[in-house]
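Here is the structure we will look at, set down as structure tokens.
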Amino acid sequence: MAVSSTAPTIDRVAIRAQMGKERLLRIYQQMLLVRRFEERAAIQYQARKILGFLHLYIGQEAVAGGFYDHLEGGKDYSVTSYRCHAQALFLGLDPKELMAELFGKITGNVRGKGGSMHFFSKEKGYLGGHGIVGGQIPVGTGAAFTAKYRKTGGVSVTFLGDGAVPQGTFHESLNMASLWNLPAIYVIENNMYGMGTACTRAVAVQDMAVAKAPGYNMKAWTIRDGLDLFECWAVAKEVVAYARTGKPALVEAKTYRYRGHSVSDAGQYRSKEELERYQQLDPIERVKKDLIEAGWLTDAGAEQIDEQVQTRVREAVQFADESPEPPLDELFKDVYAK
Amino acid sequence: MTAATVSPPLKPSRNLDPKTEPINGPKGVLLSNGRQLVSMRIAICQALCEEMQRDDAIFIMGEEVAQYQGAYKVTKGLLDQFGPERVIDTPITESGFTGLAVGAAMTGLRPVIEYMSWNFSLVAFDQIISNASKMSYMTGGMFSVPLVMRGPNGAGPRVSSQHSHAVEALFSHFPGLIVVSPSTPYDAKGLMKTALRQNNPVCFLENEMIYGLEQEIPVEDYQIPFGKGDIKRAGGDCTVVAVSRSVHWSLEAAEQLAKDGIECEVVDPRTVKPLDIDLIAASVRKTNRCVVVEECYQTGGVGAEIAARLQDICFDDLDAPVGRVTTTENPMPYAANLENETLPKPHRIVAAVKKACYR
């Protein structure tokens, strides 16, 4: 169960008040943009405009949404796995360059060299999407090292899946971050499955952060309902403030992905009932409901926002489709840096 | 001598008195001719020290590099000079600190990481290959990884199977990496300086067995560019391309062969990637024969690459097939006699050159 029956009841109204209308509306729009962008990408994949892998974040939007609101692009760093679209959008990257990257075009985020698993932004301190499970964890640790070395006051957030927890890089990174007091935050996005393997078949403990952190003399947080933006946001706020004091933090967000591991995944390892149960907890629908309940959004307003977001995504698809492929002289460009 | 660049002559090794003369650390022995006498380990340490003074983005990290002063004393004195923020002992965690260095390099620092030996780099292979080597390309040039990975490579003394890897060919296989394999103190210092002033991941392959080798080198700052080889011995009868420690075995073999009237030209590419194939080909056009000597295995080795490129660009100049003297295709054995036969020692080089000369 992603949502534990022992989950402490969080005071949603208090957190909502703390966030305020403007901020909550902004995060809602970003989450919706992530959702619509990826839904549209999945359609383009079926149309064979996008090939290779396409790992969708759909269902997990509240986790990144909660964290990025506390980060400062340019000062703080973040890095994630191959499920990397949402982070780029929360950082404010243009959906056009991201969709163009998925289409393999020269106007893409990394000039058509990376595809779905490799979005980056130097300006925003986004050290990318990485294709090897667990490979990004020491990289995020290195960004935290730089923040400490240069005394910038920045932190680094490393997102990883539950599937990366058994990898050596996870344990090696936690050990170094704790030994050297690095401002490194590790967020395990436990969506319950590493590809088709339930995490209960892959990780020997249930509450991963709580179980692992003491072994590295680290502090742990568990987000019991990772489909709830308010809980994610409140925990993230505390964790980021803690890391800014020069301490590493380990967080587990219990969440769920609605789509397959990648788009080619038929999802036969989980039941329809299980999926439907989590779809009832849709993170974006819940934020919308809260906004309406607070009187900060009307049904008509919500429809208008959705239409604006859909327009942006449609424009991104059009831009990607109309963009040229990389010229062939790109083939050997940037193999080595200047 | 046909070479454009000729490095200073090597000195025979001496018995140094550690009380009066430095055998490690960043200080050489100043000579009356205005030059300095340094060992290989001092030359590398000097390069690190001088560059760290110049650029505060450079830091050194690895197992035993700080308080222990380096397992092979290459980093001796650096902790005292630069402090624990810049000279950092790590746990035994090669994959972890290599990945950390990639992240630090992507965010503006210039890490130098020491593998106590390149054997241990294999634990970090994913970080070197999937992250360091591809970052520039897969980010469309947005990020670079100015990272120097260094440490001793090749067979140590009687350390058998798991401690005797030579990784020149292995790492040369992947676009995005630079592979440096210096054979002399002069080359090592100049190449390390270049490595620390450019923006790509560099595999800097030292050799434990020649850390004590001494040479007179300039006191002044100098750099040696990547991709520029060096003629270590001139000769007109057979080109011997030799990498790292093999240069010294080849020079020894060349002296023996000279007694039989065969003059070898020993070409040291200095960097395996990029490879100075032009210098090698120019020598082959003169001698019409070539033997490659290296500590890697023959299959997919540096010699395989050089032979293939030579037949591509100077096929008609070759009077004999390109010979290859490599580590024989077995894991390194412990027994002294078996170890001696496994390595590309002078007696095997002599035989290969004679074969190429139909003698």
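Note that the protein sequences, when read in sequence, are chains D and W. In terms of our numbering, the first sequence has 197 at position 197, counting the first letter as 1, and numbering is strictly consecutive. For our numbering, count along the second sequence from 1 and bump the result up by 1000. Glycine included, every Cβ here is placed at the ideal spot set by N, Cα and C.
Buried versus exposed call for residue i [16 or more other C-beta atoms within 10 Å across all chains shown]
{"i": "F67 (chain D)", "result": "buried"}
{"i": "S4 (chain D)", "result": "Reliability fails at S4 (chain D), whose pLDDT of 44 lies under 50, so the model's placement of it is uncertain and the value that follows must be treated cautiously. Burial call: exposed."}
{"i": "Y82 (chain D)", "result": "buried"}
{"i": "P1084 (chain W)", "result": "exposed"}
{"i": "L160 (chain D)", "result": "buried"}
{"i": "L1338 (chain W)", "result": "exposed"}
{"i": "I1313 (chain W)", "result": "exposed"}
{"i": "A2 (chain D)", "result": "In this prediction, A2 (chain D) scores a pLDDT of 45, lower than 50, which makes its location untrustworthy; no coordinate-derived value is stated."}
{"i": "Q46 (chain D)", "result": "exposed"}
{"i": "G215 (chain D)", "result": "exposed"}
{"i": "E363 (chain D)", "result": "Because residue 363 (chain D) is not part of the residues shown, which for chain D are 1 to 338, the question remains open."}
{"i": "A243 (chain D)", "result": "buried"}
{"i": "R257 (chain D)", "result": "buried"}
{"i": "M1001 (chain W)", "result": "In this prediction, M1001 (chain W) scores a pLDDT of 36, lower than 50, which makes its location untrustworthy; the coordinate-derived value is nonetheless stated afterwards. Its Cβ having fewer than 16 others within 10 Å, M1001 (chain W) is exposed."}
{"i": "F1315 (chain W)", "result": "exposed"}
{"i": "S1032 (chain W)", "result": "exposed"}
{"i": "T9 (chain D)", "result": "exposed"}
Residues of its chain near residue i, where Cβ-Cβ distance is below 6 Å and the 5 sequence neighbours each way are ignored
{"i": "A1003 (chain W)", "result": "Low local confidence applies: a pLDDT of 39 at A1003 (chain W) is under 50, so the model's placement there is unreliable, with the coordinate-based value given in what follows. Excluding positions up to five away in sequence, the list reads I1231."}
{"i": "S116 (chain D)", "result": "F53, L54 and L102"}
{"i": "G163 (chain D)", "result": "V133 and G194"}
{"i": "T1005 (chain W)", "result": "Confidence at T1005 (chain W) is low in this model, with a pLDDT of 44, below 50, so its placement is unreliable and the value that follows should be read with caution. The answer, listed in chain order, is D1230."}
{"i": "A234 (chain D)", "result": "I15"}
{"i": "A144 (chain D)", "result": "S156, L182, P183 and A184"}
{"i": "Y342 (chain D)", "result": "The requested residue 342 (chain D) is not part of the displayed model; chain D covers only 1 to 338."}
{"i": "S1164 (chain W)", "result": "A1155 and M1332"}
{"i": "G1431 (chain W)", "result": "Since the first and last residues shown for chain W are 1001 and 1359, residue 1431 (chain W) lies out of range."}
{"i": "E1252 (chain W)", "result": "P1346"}
{"i": "L1078 (chain W)", "result": "V1087"}
{"i": "G20 (chain D)", "result": "none"}
{"i": "A1047 (chain W)", "result": "K1189, M1192 and K1193"}
Own chain partners of residue i with C-beta closer than 8 Å, once the 5 adjacent residues on each side are dropped
{"i": "R1110 (chain W)", "result": "D1055, A1057, I1058, F1059, P1146, L1147, V1148 and L1196"}
{"i": "T141 (chain D)", "result": "S156, T158, S173, M176, A177, L182 and A184"}
{"i": "N1340 (chain W)", "result": "none"}
Cβ-Cβ separation, residue j to residue i (assumed contact under 8 Å), whole Å
{"i": "R12 (chain D)", "j": "D290 (chain D)", "result": "7 Å"}
{"i": "E1214 (chain W)", "j": "R1035 (chain W)", "result": "Incorrect: roughly 12 Å between the Cβ atoms, too far for contact."}
{"i": "S1326 (chain W)", "j": "E1294 (chain W)", "result": "Sequence inspection shows Thr at residue 1326 (chain W); the Ser mentioned does not correspond to that position. So it is a contact: roughly 6 Å between Cβ atoms."}
{"i": "G154 (chain D)", "j": "G73 (chain D)", "result": "At roughly 10 Å, the Cβ-Cβ gap does not stay under 8 Å, so G154 (chain D) and G73 (chain D) are not in contact."}
{"i": "G128 (chain D)", "j": "V205 (chain D)", "result": "With a Cβ gap of about 29 Å, G128 (chain D) and V205 (chain D) do not count as contacting."}
{"i": "C1357 (chain W)", "j": "D1237 (chain W)", "result": "6 Å"}
{"i": "H70 (chain D)", "j": "V240 (chain D)", "result": "4 Å"}
{"i": "W1249 (chain W)", "j": "P1157 (chain W)", "result": "About 15 Å separates the two Cβ atoms, so there is no contact after all."}
{"i": "P1274 (chain W)", "j": "G1235 (chain W)", "result": "Not confirmed; about 25 Å, so no contact."}
{"i": "K122 (chain D)", "j": "M1142 (chain W)", "result": "5 Å"}
Cut-off 7 Å between Cβ atoms - residues of its own chain near residue i, not counting five sequence neighbours on either side
{"i": "Y1072 (chain W)", "result": "R1041, P1152, E1208 and Y1211"}
{"i": "G1190 (chain W)", "result": "Y1222, Q1223 and I1224"}
{"i": "P166 (chain D)", "result": "A202 and V203"}
{"i": "E97 (chain D)", "result": "T107, G108 and N109"}
{"i": "E61 (chain D)", "result": "M31, V34, R35, A86, P283 and I284"}
{"i": "G40 (chain D)", "result": "Before going further, note that residue 40 (chain D) is Arg rather than Gly in the sequence given. V313 and V317, listed in sequence order."}
{"i": "R1309 (chain W)", "result": "I1277"}
{"i": "T1342 (chain W)", "result": "T1327, T1328, N1330, M1332 and P1333"}
{"i": "T245 (chain D)", "result": "none"}
Interface residues of chain A facing residue i [CB-CB closer than 8 Å]
{"i": "E1085 (chain W)", "result": "In the structure shown, chain A cannot be found, because the protein chains are D and W."}
TODO: Decide yes or no for the touch test of the segment 1236-1253 of chain W against the segment 1277-1284 of chain W: beta carbon pairs closer than 8 Å, at least 3 of them.
DONE: yes
Open item on the list: So within the segment 1280-1340 of chain W, which uninterrupted alpha helix (DSSP H) runs reach at least 4 residues, ignoring any that extend past its ends?
Closed with: Scanning the segment 1280-1340 of chain W for uninterrupted alpha helix (DSSP H) segments of 4 residues or longer gives 1302-1313, listed from N- to C-terminal end.
Open item on the list: Contact between the segment 299-306 of chain D and the segment 1108-1122 of chain W is defined here as three or more beta-carbon pairs at a separation below 8 Å; is this criterion met?
Closed with: With a cut-off of 8 Å, the segment 1108-1122 of chain W and the segment 299-306 of chain D do not count as touching, because too few Cβ pairs lie within range.
Task: Length-filtered (4 minimum) alpha helix (DSSP H) runs lying within the segment 168-210 of chain D - done: 168-179
Task: Cβ contact (3+ pairs, closer than 8 Å) linking the segment 104-116 of chain D and the segment 321-333 of chain D - done: yes
Open item on the list: Does the segment 255-269 of chain D come into contact with the segment 86-99 of chain D, if we say contact requires no fewer than three beta-carbon pairs (one atom in each stretch) closer than 8 Å?
Closed with: Verdict: no, contact absent.
TODO: Report yes or no: do the segment 1089-1109 of chain W and the segment 1063-1072 of chain W share at least 3 C-beta pairs separated by less than 8 Å?
DONE: Counting Cβ pairs under 8 Å, three or more are found: they touch.
- [ ] Count the CB pairs spanning the segment 1174-1191 of chain W and the segment 1254-1261 of chain W that are closer than 8 Å, and state whether there are at least three.
- [x] no
Open item on the list: Count Cβ pairs between the segment 320-327 of chain D and the segment 1114-1132 of chain W that sit closer than 8 Å; are there 3 or more?
Closed with: no
Open item on the list: What ranges does the alpha helix (DSSP H) occupy inside the segment 106-173 of chain D, keeping only unbroken runs of at least 4 residues that lie completely in it?
Closed with: Counting only runs of at least 4 residues, the segment 106-173 of chain D fully encloses the following alpha helix (DSSP H) elements, listed from N- to C-terminal order: 137-149.
- [ ] May I have a chain-ordered list of the beta strand (DSSP E) segments no shorter than 3 residues that lie completely inside the segment 1076-1161 of chain W?
- [x] 1087-1089, 1110-1114 and 1148-1152
Task: Ranges of the beta strand (DSSP E) found wholly within the segment 33-96 of chain D, counting only runs of at least 3 - done: Taking only runs of at least 3 residues, the beta strand (DSSP E) segments lying wholly in the segment 33-96 of chain D are 77-80.
Task: alpha helix (DSSP H) segments (min. 4 residues) lying fully within the segment 212-288 of chain D - done: 229-243 and 272-279
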